[in-house]
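**Student:** Just dropping this structure here.
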(Lines of atoms letter the chains of each structure in order from A; the text may use other names.)
(Lines give C-alpha, C1' and ligand atoms only; values in the text may rest on other atoms or scores of the structure.)
Protein backbone atom coordinates (compact mmCIF):
# COMPACT_ATOMS: atom_id res chain seq x y z
CA UNK A 34 0.00 0.00 0.00
CA UNK A 35 1.38 3.41 -0.97
CA UNK A 36 2.23 5.81 1.81
CA UNK A 37 -0.23 8.67 2.14
CA UNK A 38 1.59 11.99 2.46
CA UNK A 39 0.60 14.77 4.82
CA UNK A 40 -0.11 17.01 1.84
CA UNK A 41 -2.38 14.46 0.18
CA UNK A 42 -4.29 13.86 3.43
CA UNK A 43 -4.97 17.58 3.74
CA UNK A 44 -5.93 18.09 0.10
CA UNK A 45 -8.02 14.92 -0.11
CA UNK A 46 -9.91 15.86 3.06
CA UNK A 47 -10.53 19.37 1.72
CA UNK A 48 -11.85 17.89 -1.53
CA UNK A 49 -14.62 16.16 0.47
CA UNK A 50 -16.10 19.45 1.74
CA UNK A 51 -19.40 19.82 -0.15
CA UNK A 52 -20.51 22.86 -2.09
CA UNK A 53 -22.11 25.41 0.23
CA UNK A 54 -20.11 24.37 3.28
CA UNK A 55 -16.83 25.46 4.88
CA UNK A 56 -14.26 24.01 7.25
CA UNK A 57 -11.86 25.59 9.71
CA UNK A 58 -8.11 25.12 9.51
CA UNK A 59 -8.16 23.20 12.78
CA UNK A 60 -11.04 20.92 11.82
CA UNK A 61 -9.37 20.18 8.49
CA UNK A 62 -6.18 19.26 10.34
CA UNK A 63 -8.11 17.04 12.77
CA UNK A 64 -9.99 15.21 10.01
CA UNK A 65 -6.76 14.73 8.05
CA UNK A 66 -5.30 12.98 11.10
CA UNK A 67 -3.13 15.94 12.09
CA UNK A 68 -4.60 17.23 15.35
CA UNK A 69 -3.44 20.66 16.55
CA UNK A 70 -1.72 21.38 13.23
CA UNK A 71 -3.90 24.15 11.77
CA UNK A 72 -0.81 26.13 10.77
CA UNK A 73 0.47 23.14 8.84
CA UNK A 74 -2.78 23.12 6.88
CA UNK A 75 -2.28 26.78 6.02
CA UNK A 76 1.27 26.06 4.88
CA UNK A 77 0.22 23.25 2.54
CA UNK A 78 -2.68 25.24 1.11
CA UNK A 79 -0.28 28.08 0.25
CA UNK A 80 2.14 25.64 -1.41
CA UNK A 81 -0.45 23.71 -3.42
CA UNK A 82 0.23 23.90 -7.14
CA UNK A 83 -2.89 22.08 -8.27
CA UNK A 84 -6.34 23.74 -8.23
CA UNK A 85 -7.91 23.32 -4.80
CA UNK A 86 -10.96 24.66 -2.99
CA UNK A 87 -8.87 26.87 -0.69
CA UNK A 88 -11.78 29.29 -0.36
CA UNK A 89 -13.70 26.76 1.77
CA UNK A 90 -11.18 27.06 4.64
CA UNK A 91 -11.85 29.75 7.25
CA UNK A 92 -10.81 30.51 10.81
CA UNK A 93 -12.46 28.55 13.61
CA UNK A 94 -14.75 31.49 14.39
CA UNK A 95 -15.83 31.66 10.74
CA UNK A 96 -13.80 34.73 9.84
CA UNK A 97 -12.12 34.99 6.47
CA UNK A 98 -8.41 34.43 7.16
CA UNK A 99 -7.24 37.26 4.90
CA UNK A 100 -7.30 40.93 5.90
CA UNK A 101 -10.70 42.51 5.25
CA UNK A 102 -10.74 44.31 1.92
CA UNK A 103 -7.68 42.52 0.54
CA UNK A 104 -7.85 40.98 -2.92
CA UNK A 105 -7.61 37.50 -1.40
CA UNK A 106 -10.46 38.19 1.03
CA UNK A 107 -12.59 39.60 -1.78
CA UNK A 108 -11.94 36.54 -3.95
CA UNK A 109 -12.70 34.15 -1.10
CA UNK A 110 -15.94 35.96 -0.29
CA UNK A 111 -16.99 35.93 -3.96
CA UNK A 112 -16.31 32.20 -4.27
CA UNK A 113 -18.20 31.41 -1.07
CA UNK A 114 -21.17 33.57 -2.06
CA UNK A 115 -21.25 31.83 -5.45
CA UNK A 116 -21.86 28.61 -3.46
CA UNK A 117 -24.75 30.22 -1.59
CA UNK A 118 -22.85 30.99 1.60
CA UNK A 119 -23.88 34.20 3.34
CA UNK A 120 -21.02 36.36 4.61
CA UNK A 121 -21.59 39.13 7.13
CA UNK A 122 -18.80 41.38 8.38
CA UNK A 123 -16.15 39.20 6.73
CA UNK A 124 -17.48 36.15 8.59
CA UNK A 125 -19.33 32.91 7.86
CA UNK A 126 -21.89 31.59 10.35
CA UNK A 127 -20.24 28.31 11.35
CA UNK A 128 -23.40 26.96 12.99
CA UNK A 129 -25.02 27.03 9.55
CA UNK A 130 -22.20 26.41 7.07
CA UNK A 131 -19.55 24.34 8.88
CA UNK A 132 -19.11 20.90 7.35
CA UNK A 133 -20.04 18.08 9.70
CA UNK A 134 -19.10 14.83 7.94
CA UNK A 135 -21.33 11.82 8.50
CA UNK A 136 -20.08 8.54 9.90
CA UNK A 137 -19.70 6.97 6.44
CA UNK A 138 -17.39 9.77 5.35
CA UNK A 139 -15.40 9.52 8.55
CA UNK A 140 -14.90 5.77 8.21
CA UNK A 141 -14.71 5.21 4.47
CA UNK A 142 -13.40 8.34 2.81
CA UNK A 143 -10.91 9.97 5.15
CA UNK A 144 -7.30 8.82 4.87
CA UNK A 145 -5.25 8.20 7.98
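Numbering (our numbering), first residue to last: 34 to 145. Quick reminder that beta carbons are idealized off the backbone N, C-alpha and C, glycines included.
(1) Based on the DSSP secondary-structure assignment, which residues constitute the bridge partners of residue 74?
(2) So, is residue 52 buried or exposed, given that buried needs 16 or more other C-beta atoms within 10 angstroms?
(3) Just grab the DSSP bridge partners of residue 57 for me.
(4) Among the residues of its own chain, which have a CB less than 6 Å from the CB of residue 116, if the five just before and after it don't count?
(5) Taking the alpha carbon of residue 57 as the reference point, which residue from 142, 137, 131, 143 has its own alpha carbon closest?
(6) May I ask you to report which of helix, strand or coil DSSP gives residue 39?
(7) At what residues does the alpha helix (DSSP H) containing residue 108 begin and finish?
(8) Excluding sequence positions up to five away, which residues of its chain have a Cβ less than 7 Å from the Cβ of residue 91?
**Tutor:** From the atom records:
(1) DSSP output for residue 74 lists no bridge partner at all.
(2) exposed
(3) In DSSP, residue 57 forms a bridge with 91.
(4) 52, 53
(5) 131
(6) helix
(7) Run containing residue 108: 104-115, per the alpha helix (DSSP H) assignment.
(8) 55, 57, 97, 98, 125, listed in sequence order.
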